[in-house]
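Numbering (our numbering), first residue to last: 187 to 317.
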């Protein structure tokens, strides 16, 4: 099983290029630490996938904590762009911050392009996980 992070949009028919997201998944801990050091919102803070969708992928009925409904959470593209642009700048300045930084940068640039399209169209987004 290979973990990948990808972007989902509302509306879901937004025309954007697909991003593999496996390099971001491999580097997610380092990227989150970098974001926090840069005083940016960590990438995983943008996770918003509906719990039912995650349970379906895992073929598991997931119990929700009391008071949570498990519906998707959506974010403004500008919020994600700030994090992604900050991470991209940091990795360009010091590619040794993560392993295979070229691949991570490629994923981040794909995310940035998709979020720029979302911003122009007024769409919302969230980060999602594929197993």
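The C-beta atom is built at its ideal place from N, Cα and C for all residues, glycine as well.
{"Item": "Going by C-alpha distance, which of 196, 308, 202 and 209 is nearest residue 189?", "Value": "209"}
{"Item": "Which runs of the alpha helix (DSSP H), 4 residues or longer, sit entirely within the region 258-296?", "Value": "263-279"}
{"Item": "Going by C-alpha to C-alpha distance, which of 260, 280, 218 and 203 sits closest to residue 269?", "Value": "218"}
{"Item": "Sort 285, 267, 278 and 314 by Cα distance to residue 305 and report the nearest one.", "Value": "267"}
{"Item": "State the Cα-Cα distance for the pair residue 282 and residue 265, rounded to the nearest angstrom.", "Value": "26 Å"}
{"Item": "By the three-class DSSP mapping on this structure, what secondary structure does residue 215 have?", "Value": "helix"}
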